[in-house]
Amino acid sequence: MTAAVSPARGKRAPRPRRPPDDGWREFVTPEGVDLRLRIGSFSERAGAFILDALIIVGVLIGLSLLLAALAWRTGMKDTAEAAAVIWLLGFFLLRNFYFVGFEMRTGAATPGKRAMGLRVAARDGGRLTASAVFARNAMREIEVFLPMSFLFATGMGVDAALVVLGAIWSGVFVLFPLFNRDRLRLGDLAAGTMVIKAPRRVLRPDLARDGPSLVGGIAFTEAQLDAYGVKELHVLENVLRKGDRRVVAEVSTRIRVKIGWDAPLEVSDKTFLAAYYAGLRARLESRLLFGHRRADKFDRP
Amino acid sequence: MAELELKSHRFRSEREADWRRLETLLSRVEKGGARKLKRDELLEMPVLYRQALSSLSMARAISLDQGLIAYLESLCTRAYFFVYGTRSRPLERLAGFFLHEWPRAVQALWRETAVSALLMAGGTVGAFSLVSRDPDWFYGFIPQALAAGRDPTASTQALRDTLYAKLTGHEALSGLAAFLFTHNAQIAIFAFALGFALCLPTAGLMVFNGCMLGAFLALFASHGLALPAAGWLMIHGVTELFAVTLAGAAGFSIGWAVAFPGERTRIDAAAEAGRRGATLMAGVVVMLFVAGLLEGFARQLIQNDLVRLSIAGGSAVAWGLYFYLPRPPGGPV
Numbered sequence: 003m004t005a006a007v008s009p010a011r012g013k014r015a016p017r018p019r020r021p022p023d024d025g026w027r028e029f030v031t032p033e034g035v036d037l038r039l040r041i042g043s044f045s046e047r048a049g050a051f052i053l054d055a056l057i058i059v060g061v062l063i064g065l066s067l068l069l070a071a072l073a074w075r076t077g078m079k080d081t082a083e084a085a086a087v088i089w090l091l092g093f094f095l096l097r098n099f100y101f102v103g104f105e106m107r108t109g110a111a112t113p114g115k116r117a118m119g120l121r122v123a124a125r126d127g128g129r130l131t132a133s134a135v136f137a138r139n140a141m142r143e144i145e146v147f148l149p150m151s152f153l154f155a156t157g158m159g160v161d162a163a164l165v166v167l168g169a170i171w172s173g174v175f176v177l178f179p180l181f182n183r184d185r186l187r188l189g190d191l192a193a194g195t196m197v198i199k200a201p202r203r204v205l206r207p208d209l210a211r212d213g214p215s216l217v218g219g220i221a222f223t224e225a226q227l228d229a230y231g232v233k234e235l236h237v238l239e240n241v242l243r244k245g246d247r248r249v250v251a252e253v254s255t256r257i258r259v260k261i262g263w264d265a266p267l268e269v270s271d272k273t274f275l276a277a278y279y280a281g282l283r284a285r286l287e288s289r290l291l292f293g294h295r296r297a298d299k300f301d302r303p
Numbered sequence: 004m005a006e007l008e009l010k011s012h013r014f015r016s017e018r019e020a021d022w023r024r025l026e027t028l029l030s031r032v033e034k035g036g037a038r039k040l041k042r043d044e045l046l047e048m049p050v051l052y053r054q055a056l057s058s059l060s061m062a063r064a065i066s067l068d069q070g071l072i073a074y075l076e077s078l079c080t081r082a083y084f085f086v087y088g089t090r091s092r093p094l095e096r097l098a099g100f101f102l103h104e105w106p107r108a109v110q111a112l113w114r115e116t117a118v119s120a121l122l123m124a125g126g127t128v129g130a131f132s133l134v135s136r137d138p139d140w141f142y143g144f145i146p147q148a149l150a151a152g153r154d155p156t157a158s159t160q161a162l163r164d165t166l167y168a169k170l171t172g173h174e175a176l177s178g179l180a181a182f183l184f185t186h187n188a189q190i191a192i193f194a195f196a197l198g199f200a201l202c203l204p205t206a207g208l209m210v211f212n213g214c215m216l217g218a219f220l221a222l223f224a225s226h227g228l229a230l231p232a233a234g235w236l237m238i239h240g241v242t243e244l245f246a247v248t249l250a251g252a253a254g255f256s257i258g259w260a261v262a263f264p265g266e267r268t269r270i271d272a273a274a275e276a277g278r279r280g281a282t283l284m285a286g287v288v289v290m291l292f293v294a295g296l297l298e299g300f301a302r303q304l305i306q307n308d309l310v311r312l313s314i315a316g317g318s319a320v321a322w323g324l325y326f327y328l329p330r331p332p333g334g335p336v
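Those protein sequences? They're chains A and B, same order as listed.
Quick note on the numbering used here: the first sequence kicks off at 3 and runs consecutively.
Quick note on the numbering used here: the second sequence kicks off at 4 and runs consecutively.
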């Protein structure tokens, strides 16, 4: 297992200013292919946690109601005792092993994380071990429950001051992910893990072939196709995939003016754009095969 | 222009079936684990994964279709985590944990364990001597709720009664055991997590734990009940205190790694210590479960001091042998 993430690590020497972080990280598999992973953002992770917390609280409430109903129905002291035992153990298991259990499965994600398209991964690209999962979740004790205990603590005078100081101290742990580049929380640090965005994507149709197929009959000259580069092609792809009619019309007008298009007007904006996309992609890809990648329109052909 | 087939089209149509196949297999795996796959499908997986990877690098070189590249990236990532992910059988892993991983983690942390035990012993001795000299110290160590009448004002008979309290009915016992186990395990996990804050809070917790122990012992000793009290405490206390000591040790190792990472980077040191500590902590939870059973059941059912003390001694010997007996190297890591 030699895959490695390039870690965001501070150097001792005065470092040059980094460009603003886009959240993408290099992640090279043992086969030597960079998978390009995106770090899960703070908001996504907070959302996932809130979802999970709601699920836990919901299950707890459900469990309590069920057990209370059971104890009340039978009205025996023995069942009440048994219910208390089940409740205690259930609470303990949920609090400590809800996250561990889900993250140790193949998906490496709790229901909340799955809903947000997140998963846990080892930072060195290796296996996500059980001990790493346990470590990252044991740290929740000081990230979640310690601050909560200060939140609900009450006191007067010196006690109150202590509570405030404690809240500030424990607040450091809560806000920790905001102060590092990889959005690591304390648990990630202690376990060598990170949370990445790994959404499932579906294979979408190839616009240059399966798109609106009225492409025949519209031809562009080489000069017209040389107006743009790869960057513009990608923007055009996004516009076509979204298919917002006003944007399509606007972009289409721009391109018509730029390339000096004066052919029949009855061609609809969408058809025109699809045709131009197919033509531009064919042109750029064939040049790509010859080793020239035209980055954008300022890159002279 | 458009009649001419693009290279990227041909590329895609030749490989699309394989990608779809990989995608279906992955969806099944992600729903129900590797067991959902038949044998030959399992063997197919790495082949399909490498094909998808080579497709990805090819697509990056020849295709300008962003949708396609994004799809392949997501597909390869999912497949990567499956192919290189953990897939050993739970039973095997459990056996490996108890036979190798846990004792090894405990042995590796012997220094921290010693420090943790010394801190607790120091707290015990300190509190014992303080309370023996001036019983008022007792109130400084033990919260009112925990004392439950067992304070310096109590009579010898009342104290003796608390040591041999008999509960009625087994349900009550299991409730007590469950409460003790969950409470102690939570404290132990907390002590471990607190270690991250540069050891000091964990050290405080260890000393304080020792103080409570010392204060109680001093109280009972002043009424000539030292031996019965030791039996009452130690029948489960050996296991429980050992577990708490280990939890403290795990906390120390992680705090120490954060404060003094040595040759490695701070992040790597913390991760290594955290994982080893977590292995240890998983075992600590098991120990505390045993301690909870001993405290909840055995202590209430066994009323004889000698039997209590021999169980305590036996458990001490058993844990010591299990953890520190030299083992042949090897076995799964």
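Glycine residues also receive a C-beta, built at the ideal position from the N, C-alpha and C atoms.
| Taking 7 Å as the CB-CB cut-off, is I257 of chain B touching chain A? | yes
| message | Check for me: the beta strand (DSSP E) holding V122 of chain A runs from which residue to which? | response | L120 to A124
| said: Using only CA atoms, which one of A:M158, A:M141 and A:A276 lies nearest to V250 of chain A? | reply: A:A276
| Do you know how far the Cα of G231 of chain A is from the Cα of R258 of chain A? | 16 Å
| chain B beta carbons: is any one of them nearer than 7 Å to that of F94 of chain A? | yes
| What residues from chain A crowd round H12 of chain B, counting only those whose CB sits closer than 8 Å? | D208, A210 and R211
| field | First through last residue of the alpha helix (DSSP H) which encompasses L235 of chain A | value | V232 to K244
| query | Hey, T282 of chain B and A108 of chain B are a contact pair by Cβ (cut 8 Å); roughly how many whole angstroms apart? | reply | 4 Å
| field | Contacting residues, own chain, Cβ-Cβ under 6 Å from R330 of chain B (five flanking each side not counted) | value | none
| field | Residue range of the beta strand (DSSP E) that includes R163 of chain B | value | Taken as a continuous stretch (DSSP letters only), R163 of chain B belongs to no beta strand (DSSP E), being part of the alpha helix (DSSP H) at T159 to L166.
| task | Work out the CA separation of A253 of chain B and A71 of chain A for me, nearest whole Å. | result | 42 Å
| When you compare each of A:S172, A:L188 and A:G64 to A134 of chain A by their alpha carbons, which one comes out closest? | A:L188
| said: Does the contact criterion of 3 or more C-beta pairs under 8 Å hold for the stretch 134–147 of chain A versus the stretch 195–206 of chain B? | reply: yes
| Would you report the Cα separation of G35 of chain B and L45 of chain B, rounded to the nearest angstrom? | 14 Å
| Given that Y142 of chain B touches chain A, what residues does it touch there, using C-beta distances under 7 Å? | Going along chain A, no residue has its Cβ under 7 Å from Y142 of chain B, so there is no contact; the nearest lies around 17 Å.
| query | Are any of the Cβ atoms in chain A nearer than 7 Å to that of I314 of chain B? | reply | no
| said: Distance check for T76 of chain A and G64 of chain A, CA to CA, integer angstroms please. | reply: 18 Å
| field | Where F29 of chain A sits in the DSSP three-state scheme | value | strand
| query | Are the stretch 311–330 of chain B and the stretch 232–241 of chain B in contact at 8 Å, needing three or more beta carbon pairs? | reply | yes
| query | For T223 of chain A, which of helix, strand or coil comes out of DSSP? | reply | coil
| Residues of its chain near F147 of chain A, where Cβ-Cβ distance is below 7 Å and the 5 sequence neighbours each way are ignored | none
| request: Whole angstroms is fine: what's the gap from H12 of chain B's alpha carbon to V253 of chain A's? | output: 25 Å
| task | Taking the CB atoms as reference points, tell me whether F152 of chain A and A169 of chain A lie closer together than 7 Å. | result | yes
| task | Enumerate in chain order the residues of its own chain whose CB-to-CB distance from L133 of chain B is below 7 Å, with the five nearest sequence positions on each side excluded. | result | W140
| said: If we require 4 or more residues per run, which alpha helix (DSSP H) segments fall completely within the stretch 75–125 of chain B? | reply: 93–99 and 105–111
| Buried or exposed: where does L324 of chain B fall if 16 or more other Cβ atoms within 10 Å of its Cβ makes it buried? | exposed
| request: Taking M141 of chain A as the query, report the chain B residues whose CB atoms sit under 7 Å from its CB, ordered along the chain. | output: A196 and F199
| Just checking, does the stretch 279–286 of chain A make contact with the stretch 194–214 of chain A on the three C-beta pairs under 8 Å criterion? | yes
| said: Strictly under 7 Å for the Cβ-Cβ distance: is G299 of chain B near chain A by that measure? | reply: no
| query | So what's V197 of chain A in DSSP terms, helix, strand or just coil? | reply | strand
| task | Could you check what DSSP says for A10 of chain A in three-state terms: helix, strand or coil? | result | Confidence at A10 of chain A is low in this model, with a pLDDT of 49, below 50, so its placement is unreliable and the value that follows should be read with caution. Residue state, collapsed to three classes: coil.
| task | Measure from the C-beta of T282 of chain B to each C-beta in chain A and report whether the shortest distance is under 7 Å. | result | yes
| field | Exposure of G270 of chain B, with buried meaning 16 or more beta-carbon neighbours within 10 Å | value | Position check: residue 270 of chain B holds Ile in this sequence, whereas Gly was assumed. Buried: at least 16 other Cβ atoms inside 10 Å.
| query | Roughly how far, in whole angstroms, is the beta-carbon of A188 of chain B from the beta-carbon of F94 of chain A, given that I think they are within contact range, below 8 Å? | reply | 7 Å
| field | Neighbouring residues, chain B, relative to H236 of chain A (Cβ below 8 Å) | value | L67 and Q69
| At a Cβ threshold of 7 Å, is F101 of chain B touching chain A? | no
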